[in-house]
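A short write-up of the structure that comes next.
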Amino acid sequence: MVDDGLFERYPMDSIYGMHNKPGLDVGRFAIRPGPLMAGGGFFDIRLTGRGAHGARPESSADPIVGASQIVSALQSVVSRKLTLKIPPCSVSRDY
């Protein structure tokens with residue numbers, strides 16, 4: 001519809017979308033300027049290690065160390081890397 005020129009034919013000042021907001025009383029809805037609900041992006045990270053004898057740890061590839069660095073880096077994305085015009089933002093991970 002957008003590609004077919006809907007907003008050129010019918011210009012608008014505002015667009016409202018509805019989403020469930022459990023904290024509101026029945027029959028009420030809330031509005032505010034700008035985006036209101038979160039979006040999500042999903043990806044998988046797969047780490048593969050290689051075991052070794054305890055006397056030769058240098059010949060192993062320890063996925064736990066790599067995984068801990070990834071978790072630490074993801075935790076800092078919001079506080080150190082993202083420059084969002086509309087906060088709040090969060091990064092969640094599931095194991």
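Straight run, no breaks: the sequence shown in my numbering ends on number 95.
Glycine included, C-beta positions come from ideal geometry on N, C-alpha and C.
Model, not experiment: these values are computed from the prediction.
query	result
Minimum C-alpha distance to residue 76 - residue among 92, 33 and 22	92
Residue 71 versus residue 57 - alpha carbon distance	23 Å
Collapsed DSSP secondary structure at residue 30 in the structure displayed	coil
Span of the alpha helix (DSSP H) around residue 8	6 to 9
Secondary structure of residue 56, DSSP reduced to three states	coil
From 8, 13 and 31, residue whose alpha carbon lies closest to that of residue 96	A question about residue 96 goes unanswered here, because the residues of the chain that appear run from 1 up to 95.
Cβ pair residue 49, residue 63 closer than 9 Å	yes
CB contact flag (residue 60, residue 52, <9 Å)	yes
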